[in-house]
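See structure below.
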Amino acid sequence: MPGLTAALALLIADPLILGAQQTLPTAAPEDIDLIETARDAAARMTVPVAVQGSGPYSFLIDTGSQRTVLSTAVASRLALAQGPSVRIVGVAGVNQVATAHVEQLAFGQQSVAGLVVPLLEGRHMGADGIIGTDSLQGQRVVLDFVRQTIAIGTPREIGPASGYEIVVRARRRSGRLILTNALIDGVRVDVVVDTGAQGTIGNRALQRALRKKSAGVGSLASVTGQTLVADFGIARQLKLDTLQVSNVLIAFADAPAFAGLKLAEKPAIFLGMREMRSFRRIAIDFASRKVFFDVAR
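When you line the sequence shown up against the numbering used here, it's residues 41 to 337, in that order.
This is the structure in structure tokens:
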């Protein structure tokens with residue numbers, strides 16, 4: 041993080057989870073579609089994906105992205121039919137980009153057909169593509185940070201959501217799930233669970249509400265290739281229902297992604313993978329609009 045001071049770096053401990061009793065891990069049913077994951081350079085989870093029977097290619101699972109995205113290199117290699125240009129809102133800017141028609145996308149036992157996918161440079165995504173929420177509606181995504189697996193399927197396929205200490209109901213907006221029953225250092229905040237983000241990003245409305253001065257300045261890199269200046273600071277506590285997470289590093293910025301979700305004027309964050317890896321498991325259920333947290337690590 042360019043410009044991050046040494047004093048701030050010393051404050052960045054692993055987030056601490058409070059507010060739940062330890063439970064024994066629950067084994068997954070044998071028929072659940074478990075996908076072995078890898079970790080990219082930004083510590084995000086990637087999964088192998090077949091594009092029209094070709095591959096596998098490395099895709100991010102991104103619950104903060106409305107659209108499934110493909111790299112320009114893969115689209116060119118497969119000679120995919122061109123689609124209309126579309127407007128993409130990233131964390132650092134807005135771009136008009138080309139699209140391609142994908143007849144079939146397969147990951148694990150799941151298959152999505154008839155997609156029109158925006159095309160971005162793989163070097164900016166850090167992957168061959170992104171599985172966005174348009175390919176996850178009606179599904180439950182279970183990220184197991186202990187076993188390094190992702191389970192994707194309908195709630196019936198995955199089975200009961202047992203072994204989770206905390207269940208938080210969310211609102212759906214533009215395909216994303218937003219948690220509203222949250223506080224950061226006493227300030228009410230909307231939370232977008234964003235598996236495509238390395239760290240947590242807060243808007244300027246939250247920075248003003250917290251009266252946080254910048255403890256360091258850096259930049260945020262978007263999958264669109266743009267960058268955005270951000271102020272970094274540490275929040276003492278994030279509270280989700282009865283769950284408490286301490287030492288939350290937040291990058292405060294005027295990210296267009298907040299405006300795209302109509303969250304620019306009220307305190308909000310995109311909760312990134314750094315904080316999520318503090319948990320044993322997280323299940324994001326798009327069918328029931330609930331997020332489940334398994335706290336014990």
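Even glycine gets a Cβ: it sits at the ideal position worked out from N, Cα and C.
**Message:** Can you tell me where the alpha helix (DSSP H) holding Gln247 begins and where it ends?
**Reply:** For the purposes of this step, residue 247 is taken as residue 207 along the sequence shown, with counting starting at 1. Residues 244-250.
**Message:** Within the continuous alpha helix (DSSP H) that includes Phe292, where are the two ends?
**Reply:** On the sequence shown, position 252 is the one that residue 292 refers to. That residue, Phe292, is in no alpha helix (DSSP H); its beta strand (DSSP E) goes 283-292.
**Prompt:** Which residue's Cα is closest to the Cα of Asp315: Lys252, Ile274, Glu305, Thr240?
**Reply:** Locating residue 315 in the sequence shown gives position 275, counting from the first residue. It is Glu, not Asp, that sits at residue 315 in the sequence shown. For Glu315, the closest alpha carbon among the candidates Lys252, Ile274, Glu305, Thr240 is that of Thr240.
**Request:** Starting from the C-beta of Gln18, find all residues in its chain whose C-beta is less than 6 Å away, skip the five residues before and the five after it, and write them out in chain order.
**Result:** The question about residue 18 has no answer here: the residues shown for the chain are numbered 41 through 337.
**Prompt:** So Val131 packs on Leu268, CB below 8 Å; how close in whole Å?
**Reply:** By one-based count along the sequence shown, residue 131 stands at place 91. By one-based count along the sequence shown, residue 268 stands at place 228. 7 Å between Cβ atoms; contact.
**Asked** Helix, strand or coil for Phe147 per DSSP?
**Response** To locate residue 147, count along the sequence shown from 1; it is residue 107. Strand, per DSSP.
**Asked** Just how far apart, CA to CA, sit Val137 and Arg213?
**Response** Position 97 of the sequence shown, counted from the start, is the residue given in the question as residue 137. Position 173 of the sequence shown, counted from the start, is the residue given in the question as residue 213. If I take the Cα positions, the gap works out to 23 Å.
**Message:** Taking DSSP's pairing of strands, which residues face Ser259 in a bridge?
**Reply:** Along the sequence shown, one-based indexing puts residue 259 at 219. Ser259 is bridged to Val269.
**Prompt:** Can the beta-carbon of Leu341 be found closer than 9 Å to that of Val331?
**Reply:** In this structure the chain extends from 41 to 337, so residue 341 is not present and cannot be described.
**Prompt:** Ends of the beta strand (DSSP E) at Val207?
**Reply:** Mapped onto the sequence shown, residue 207 falls at position 167. Note, Val207: beta strand (DSSP E), 206-213.
**Item:** Those residues which DSSP pairs with Arg127 across a bridge
**Value:** Working through the sequence shown from its first residue, we reach residue 127 at position 87. Beta-bridge pairing links Arg127 to Gln136.
**Item:** Under 9 Å between C-beta atoms of Val207 and Arg321
**Value:** Within the sequence shown, numbered from 1, the residue matching residue 207 stands at position 167. Within the sequence shown, numbered from 1, the residue matching residue 321 stands at position 281. No; because the gap between Cβ atoms is not below 9 Å, this pair is not in contact.
**Simplified DSSP assignment, three categories, for Gly239** = One-based indexing of the sequence shown puts residue 239 at position 199. Gly239 falls in the coil class under three-state DSSP.
**Asked** What residue does the alpha helix (DSSP H) around Gly162 start on, and which one ends it?
**Response** Walking along the sequence shown from the start, residue 162 turns up at place 122. Looking at the DSSP string, the run of the alpha helix (DSSP H) that includes Gly162 is 162-165.
**Request:** Alpha carbon to alpha carbon, how far is Phe147 from Gly93? Give it in angstroms, no decimals.
**Result:** As a working note, residue 93 is residue 53 in the sequence shown. As a working note, residue 147 is residue 107 in the sequence shown. Their Cα atoms are separated by approximately 11 Å.
**Prompt:** So, are the CB atoms of Leu100 and Gly236 less than 9 Å apart?
**Reply:** Along the sequence shown, one-based indexing puts residue 100 at 60. Along the sequence shown, one-based indexing puts residue 236 at 196. Against a cut-off of 9 Å, the Cβ pair of Gly236 and Leu100 comes out as a contact.
**Message:** According to DSSP, Arg228 sits in a beta bridge with which residue or residues?
**Reply:** Along the sequence shown, one-based indexing puts residue 228 at 188. Arg228 pairs with Leu223.
**Item:** Proximity below 9 Å, CB of Met165 to CB of Gln238
**Value:** Against the sequence shown, residue 165 aligns to sequence position 125. Against the sequence shown, residue 238 aligns to sequence position 198. No, Cβ-Cβ distance for Met165 and Gln238 is not below 9 Å.
**Asked** Could you check where the beta strand (DSSP E) with Phe332 kicks off and where it finishes?
**Response** Within the sequence shown, residue 332 is the residue found at index 292, counting from 1. Where Phe332 is concerned, the enclosing beta strand (DSSP E) stretches over 330-334.
**Item:** CB contact flag (Leu301, Val232, <9 Å)
**Value:** Position 261 of the sequence shown, counting from 1, holds the residue named residue 301. Position 192 of the sequence shown, counting from 1, holds the residue named residue 232. Their beta carbons are under 9 Å apart, which means Leu301 touches Val232 by this criterion.
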